[in-house]
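First residue of the sequence shown? That's 5 in our numbering, and the numbers climb one at a time after it.
Let me begin by presenting the structure, written as structure tokens, before commenting on it.
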Amino acid sequence: MRSVQELKNISKNISIIYAEDEDKLREKFEKYLSNFFEDIRAVPDGQKALEAYKERACDIIITDIRMPILSGIDLIRKIKEINASQDIIITSAYTESDYLIESIKLGVGSYIVKPFQNDQMLDTLYQSVDKINETKENRLYHQHLEELVEKEIKKREAIQIEQIDNYEQTLIALIDLIERRDSYTAGHSQRVADYSRMIAKEMNCSDEDCNLIYRAGILHDIGKVATPDSILLKPGKLNEIEYKLIQEHVSVGFDMLNKIPMFKIISNIINSHHERYDGKGYPKGLKGEEINELSQIMIVADSFDAMTTSRIYKSRKNLNEALEELQKLSNIQFHEKVVKSAIKVLSKVVLKESATQLPESELEHERFVYFFNDRVTELFNQDYLNIVFLKNSINKAYKYVDIVFLHNFKEYNAKYGWEMGNQLLFDFAKLLKEMFPNSLLFRIHANDFVILSTDFQEIDLNSIPYHDIFNKENITTSVKHLDIEDGQMLNIAMMEKN
């Protein structure tokens with residue numbers, strides 16, 4: 005971590021143009037910048053920033069993305085037409101992923117994420133100033149000292165490496181954005197990268213190829229940044245149309261990376277990571293040796309991580325089961341040579357217990373159950389009940405199940421209509437929530453309710469205030485109680501049989 009004083013010491017004679025349309029934020033950040041820089045021109049939009057730049061160029065442009073008159077993206081385009089090597093830092097929120105992608109295409113390698121964090125601002129500014137100072141020094145050496153040509157070349161190489169690193173850090177930030185959206189993919193890219201490199205080393209690939217496939221593994225799902233939340237965050241199985249839409253992440257990722265020269269090779273690896281040895285994969289349906297070797301490796305690594313990660317509709321395989329599956333699909337989905345090396349190295353892997361699609365944090369839980377809300381009662385639906393049963397077989401959080409049946413509800417609907425019927429269900433669900441605030445409540449089969457509890461509780465339906473009304477309308481209630489045995493895998497069908 006660089007200190008404030010260090011940055012101030014190296015920032016002499018560095019000039020800044022800062023564009024931000026939000027007045028309070030612009031004043032606050034301008035004040036922050038004044039701690040290090042003496043020459044700061046703060047403007048409220050991109051057009052004024054362009055005019056200021058044409059009047060007098062600067063060392064660093066810091067610009068917001070969304071601004072009136074001339075946006076940050078348009079400003080970057082016009083500045084790059086004037087000076088292709090101009091150092092530009094963008095300020096952007098995580099939610100502005102499309103703008104981040106566009107800025108990468110325009111050659112912007114540095115960014116500061118909103119809301120501003122002191123540590124990140126300091127590090128980003130330090131890197132830019134340090135690079136600018138090195139560039140200025142390199143020019144002086146080149147102009148005046150022929151004997152330092154070799155050192156000049158090395159410094160330029162260092163700057164290029166730094167530029168590549170800035171690109172990759174920006175792309176990795178997008179990967180982080182994806183994994184923040186989708187609980188299943190958390191850690192997935194890192195694991196695929198690790199597994200890919202392990203397999204590549206076992207296959208005696210060069211160090212260059214091992215590093216290449218590792219970087220490709222980190223970025224292999226970057227195209228999911230364009231996948232709609234309704235599909236990416238859906239915890240259950242995808243339907244045919246949704247599956248086709250999520251398949252597009254391969255082509256999107258390829259198009260993003262292929263436009264950046266330093267990532268062309270990586271883009272070709274990623275473009276084939278969902279192909280199959282038998283030609284039944286996507287997006288091109290490549291077969292056998294038509295798929296390059298590094299992509300063949302990633303196909304196995306990606307599939308192995310999918311096998312060993314719990315999903316809502318399918319429990320994860322243990323290590324031996326996953327290795328057996330790889331062998332079973334050798335020369336069908338996977339290349340036989342890759343499978344042989346993969347089994348050798350992956351047999352030593354210690355699977356992480358956190359590799360699960362099930363929600364852990366409260367925020368993750370709320371986002372997750374959005375897909376399983378019963379619209380009539382605002383309780384959970386029966387799809388989510390089966391999911392909770394799956395998770396409960398692992399963590400044993402709930403020990404008791406009570407099923408509350410409403411009888412003759414069909415007749416009530418026939419007499420009063422669906423709107424009144426729905427209101428009755430809503431009122432009854434509200435009452436259950438008041439009676440059992442520490443339990444999980446579900447509506448199943450139209451007019452039955454399930455209560456999951458951690459502690460035993462006696463359910464007395466006669467204590468329900470509206471119970472007499474139900475009787476007057478010929479609606480009766482009954483309860484079935486079940487104890488969940490330790491580790492028992494329960495589902496709705498099994499529950500009804502007990």
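A virtual CB, placed ideally from N, CA and C, is assigned to each residue, including glycine.
I'd like to check one pair, L355 with F308: are the Cβ atoms closer than 8 Å? Here residue 308 refers to the residue found at position 304 when the sequence shown is read from its first residue. Here residue 355 refers to the residue found at position 351 when the sequence shown is read from its first residue. Not in contact: F308 and L355 (Cβ atoms no closer than 8 Å).
Out of S96, S255, F338 and N17, which one is the CA nearest neighbour of Y115? As a first step, residue 115 must be located in the sequence shown, where it is residue number 111. Selected option, being the one with the closest Cα: S96.
Quick check on D487: buried or exposed, where buried means 16 or more other Cβ atoms within 10 Å of its Cβ? As a working note, residue 487 is residue 483 in the sequence shown. D487 comes out exposed.
Buried versus exposed call for N390 [16 or more other C-beta atoms within 10 Å across all chains shown]: Against the sequence shown, residue 390 aligns to sequence position 386. With 16 or more other Cβ atoms within 10 Å, it is buried.
May I ask you to report which of helix, strand or coil DSSP gives R3? Examination of residue 3 is not possible in this model, given that the chain is present from 5 through 502 alone.
Are N385 and F393 closer than 8 Å when you measure CB to CB? Residue mapping note: residue 385 aligns to position 381 of the sequence shown, counting from 1. Residue mapping note: residue 393 aligns to position 389 of the sequence shown, counting from 1. Contact: no.
In chain order, what residues of the same chain have a beta carbon less than 6 Å from the beta carbon of S255, not counting five sequence neighbours either side? Position 251 of the sequence shown holds residue 255. These residues qualify, in order along the chain: P287.
According to DSSP, is Y286 part of a helix, a strand, or is it coil? Numbered from 1 along the sequence shown, position 282 holds the residue referred to as residue 286. Y286 falls in the coil class under three-state DSSP.
Tell me whether the region 69-76 and the region 27-35 touch, counting them as touching only if at least three CB pairs, one residue from each stretch, are closer than 8 Å. no
Roughly how many whole angstroms lie between the Cα atoms of N451 and T381? Mapped onto the sequence shown, residue 451 falls at position 447. Mapped onto the sequence shown, residue 381 falls at position 377. C-alpha separation (whole angstroms): 10 Å.
Using a Cβ-Cβ cut-off of 6 Å (strictly less than) and excluding sequence neighbours within five positions of V133, which residues of its own chain qualify? Sequence index remark: in the sequence shown, residue 133 carries index 129 (1-based). Excluding residues within five positions, the ones whose Cβ falls inside 6 Å are I14, S15 and I18.
CB L129 to CB F40, shorter than 8 Å? Position 125 of the sequence shown holds residue 129. Position 36 of the sequence shown holds residue 40. The answer is yes: Cβ separation under 8 Å.
Which stretch, first to last residue, makes up the alpha helix (DSSP H) that contains K248? Mapped onto the sequence shown, residue 248 falls at position 244. Start and end: E244 to N262.
F409 - DSSP class collapsed to helix/strand/coil: As a working mapping, residue 409 is identified with position 405 in the sequence shown. Looking at F409 - three-state DSSP - the assignment turns out to be strand.
Could you give the distance in angstroms between the alpha-carbon of K263 and the alpha-carbon of I203? Counting from 1 along the sequence shown, the entry for residue 263 is found at position 259. Counting from 1 along the sequence shown, the entry for residue 203 is found at position 199. Their backbone Cα atoms lie some 28 Å apart in a straight line.
According to DSSP, residues forming a beta bridge with K484: Position 480 of the sequence shown, counting from 1, holds the residue named residue 484. Per the DSSP secondary-structure output, K484 pairs in a beta bridge with I407.
Output the residue ranges of the alpha helix (DSSP H) runs that lie fully inside the region 39-118 and measure 4 residues or longer, sorted by chain position. 50-59, 76-86 and 101-109
Could you pull the start and end residues of the alpha helix (DSSP H) that I21 belongs to? Looking up residue 21 in the sequence shown gives position 17. Segment S19 to A23 is the beta strand (DSSP E) holding I21; no alpha helix (DSSP H) there.
Using C-beta distances below 6 Å, list every residue in its chain close to S200, excluding the 5 sequence neighbours before and after it, in chain order. The residue given as residue 200 occupies position 196 in the sequence shown. For S200, where only same-chain residues beyond five positions count, the Cβ hits under 6 Å are I217, G221, I301, M302 and A305.
Assuming contact is defined by CB atoms lying nearer than 8 Å, are V479 and L410 in contact in what I supplied? Position 475 of the sequence shown, counting from 1, holds the residue named residue 479. Position 406 of the sequence shown, counting from 1, holds the residue named residue 410. What sits at residue 479 in the sequence shown is Ile, not Val. Using a Cβ distance threshold of 8 Å, I479 and L410 count as a contacting pair.
Along the beta strand (DSSP E) that carries S457, what are the first and last residues, could you check? Residue 457 sits at position 453 when you count from the first residue of the sequence shown. Unbroken beta strand (DSSP E) run through S457: D452 to S457.
Euclidean distance between Cα positions of V454 and D464: Translated into positions along the sequence shown, residue 454 becomes position 450. Translated into positions along the sequence shown, residue 464 becomes position 460. So the alpha carbons of these two residues sit roughly 15 Å apart.
Backbone secondary structure at F440 - three-state DSSP: Along the sequence shown, read from residue 1 onward, the residue named residue 440 stands at position 436. Coil, per DSSP.
I need the straight-line Cα distance from T360 to K241, nearest angstrom please. By one-based count along the sequence shown, residue 360 stands at place 356. By one-based count along the sequence shown, residue 241 stands at place 237. In this prediction, T360 scores a pLDDT of 48, lower than 50, which makes its location untrustworthy; no coordinate-derived value is stated.
N396 classed as buried or exposed, judged by whether at least 16 other C-beta atoms fall within 10 angstroms: Position 392 of the sequence shown, counting from 1, holds the residue named residue 396. Buried, because 16 or more other Cβ atoms sit within 10 Å of the Cβ of N396.
Pull up the DSSP beta-bridge partners for I448, would you. To locate residue 448, count along the sequence shown from 1; it is residue 444. In the DSSP output, where bridge partners are listed per residue, I448 has D452.
Expressed to the nearest angstrom, what Euclidean distance is found between the alpha-carbon atoms of K348 and D282? The residue given as residue 348 occupies position 344 in the sequence shown. The residue given as residue 282 occupies position 278 in the sequence shown. Those two C-alpha atoms are separated by around 23 Å.
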